[in-house]
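Asker:
Residue numbers (the working numbering), protein chains in the order written: chain C, 1 to 141; chain Z, 1 to 182.
#1: Please look up how many angstroms separate the CB atoms of residue 82 of chain Z and residue 113 of chain Z, rounded, as I've assumed it's under 8 Å.
#2: Put residue 121 of chain C into one of helix, strand or coil per three-state DSSP.
#3: In chain Z, which residues lie with their C-beta within 8 Å of the C-beta of residue 3 of chain C?
#4: Using the Cα positions of residue 78 of chain C and residue 108 of chain C, report the straight-line distance between them to the nearest angstrom.
#5: Provide the residue span of the alpha helix (DSSP H) that contains residue 146 of chain Z, from first to last.
#6: Have a look at residue 54 of chain C and residue 104 of chain Z and give me their C-alpha separation to the nearest angstrom.
#7: With a cut-off of 8 Å, do at least 3 Cβ pairs link the region 4-20 of chain C to the region 46-55 of chain Z?
#8: Are residue 46 of chain C and residue 72 of chain C closer than 7 Å when you measure CB to CB?
#9: Under 9 Å between beta-carbons, which chain C residues line up against residue 156 of chain Z? List them in chain order, please.
#10: Is there a Cβ from chain C that is less than 7 Å from the Cβ of residue 181 of chain Z?
#11: Can you tell me the Cα-Cα spacing of residue 97 of chain C and residue 134 of chain C, whole angstroms?
#12: For residue 95 of chain Z, which residues of its own chain have a beta-carbon under 7 Å away from its beta-carbon, when the five flanking residues on both sides are left out?
#13: Can residue 16 of chain C and residue 38 of chain Z be called in contact, C-beta distance under 7 Å?
#14: Less than 6 Å between C-beta atoms, sequence neighbours within five positions excluded: which residues of the same chain meet that for residue 109 of chain Z?
#15: Can you pull out the residues from the region 117-136 of chain Z whose beta carbon lies closer than 9 Å to at least one beta carbon of chain C?
#16: Could you tell me which of Z:155, Z:138 and Z:163 sits nearest to residue 145 of chain Z, measuring between CA atoms?
#17: Hey, how far is the Cα of residue 12 of chain C from the Cα of residue 92 of chain C?
#18: Given that a residue counts as buried once 16 or more other Cβ atoms are within 10 Å of its Cβ, and exposed if not, what is residue 8 of chain C?
#19: Could you name the residues of chain Z that residue 9 of chain C contacts, counting a contact when the two beta carbons are closer than 7 Å?
#20: Nearest by alpha-carbon distance to residue 103 of chain C: which of C:138, C:90, C:24 and C:48 is it?
#21: Considering only their Cβ atoms, is the gap separating residue 57 of chain C from residue 16 of chain Z smaller than 7 Å?
#22: What runs of the alpha helix (DSSP H), each 4 residues or longer, lie entirely inside the region 102-149 of chain Z?
#23: Given that residue 258 of chain Z touches chain C, what residues does it touch there, using C-beta distances under 9 Å?
#24: Measure the alpha-carbon distance for residue 71 of chain Z versus residue 14 of chain C and round it to whole angstroms.
#25: In this structure, what does DSSP give as the bridge partners for residue 76 of chain Z?
#26: Going along chain Z in order, which residues have a C-beta closer than 8 Å to the C-beta of residue 100 of chain C?
#27: Could you tell me if residue 134 of chain Z is buried or exposed, where buried requires 16 or more neighbouring beta carbons within 10 angstroms of its beta carbon?
#28: Consider the Cβ of residue 78 of chain Z: report whether some Cβ of chain C lies at a distance smaller than 7 Å.
#29: From residue 141 of chain Z to residue 44 of chain C, what distance separates their C-alpha atoms?
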């Protein structure tokens, strides 16, 4: 899955996803990606977020909406993403998933659920300070 | 911690980042940039989890999910379980622009896409067909079933809920823990 958020220099936000979903899913199964507030969410008044991972579990928590709401209340993008992961961890400690968050000033962060085989999450950033796309990593919590 | 504009996305799909950034640089909107970035991944089948030819369902078909959201107007367009149309995020954009709906799914979403001019084509590839046949050869493991018979952790379907079997009085009895996964 690709989950993307863009903050325009004017402060306009947009978010989106595209995926072919879970392997060997039951026909008719739709994941979190196309569900606003689950796969992605954007609001010029607060910021934007997107999620990737086990959509059957993550969609139950509306992670991207929740992350935007945390940023609306002033959390930093990193803390907003971490709080979303923590909420899901309580119920599904072994879920596979990660979230990216950005606020309307262009600060950004990410968080992921630590598993034996998933200890770091890789994401891409491009802004007016990076002269080309930059890969960043975050240690999972 | 960084000035605008910003493109941020999951996984190291660098070409998608570049496509989005190029769109902004050429005067496109944030929405245009999201569409361009996601569409780039659909064309390139980023790590097999985006676009055609990946993640076949139990019947071997690749189906696509996508959404696009405008944070200024709160306009959203999305497709779920889109069949036989490659450019899912492009169809999602058409849902946003040409309907008052938010989410269209399945075969009907494909009909909508065709009416918007998208091509109806097979999304399977040799790779996705090979993934599917290997899965069948491994007794359909892993799968997404639970509380059904036969034991989904050992056998392929079709599956039935135990209660139906009990109603028709079959001799089969559920024995022990047949969930097989967390």
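Backbone N, C-alpha and C fix where the C-beta goes; we use that ideal spot for every residue, glycine too. The model shown is predicted, which means the values in this text are computed figures rather than measured ones.
Answerer: Here's the rundown:
#1: 7 Å
#2: strand
#3: Listed along chain Z are 9 and 10, each with a C-beta nearer than 8 Å to that of residue 3 of chain C.
#4: 7 Å
#5: Counting along the chain, residue 146 of chain Z falls outside any alpha helix (DSSP H), and DSSP gives it neither H nor E.
#6: 21 Å
#7: yes
#8: yes
#9: Within chain C, no residue comes near residue 156 of chain Z; the closest Cβ sits about 11 Å away, beyond 9 Å.
#10: Reliability of the predicted coordinates at residue 181 of chain Z is poor, the pLDDT of 20 falling under 50, and no value is obtained from them.
#11: Approximately 21 Å between the Cα atoms of the pair.
#12: 77, 78, 79, 101 and 104
#13: Going by C-beta atoms, residue 16 of chain C is nearer than 7 Å to residue 38 of chain Z.
#14: Spatial neighbours of residue 109 of chain Z in its own chain (CB-CB distance under 6 Å, excluding positions within 5 residues in sequence) are listed in chain order as 79 and 82.
#15: 123, 128, 131, 132 and 135
#16: Z:155
#17: 34 Å
#18: That one is buried.
#19: 4 and 5
#20: C:48
#21: no
#22: 106-115 and 126-137
#23: This structure leaves residue 258 of chain Z out entirely; chain Z is present only between 1 and 182.
#24: 5 Å
#25: Z:69
#26: 8, 9 and 10
#27: exposed
#28: At least one chain C Cβ lies under 7 Å of residue 78 of chain Z.
#29: 44 Å
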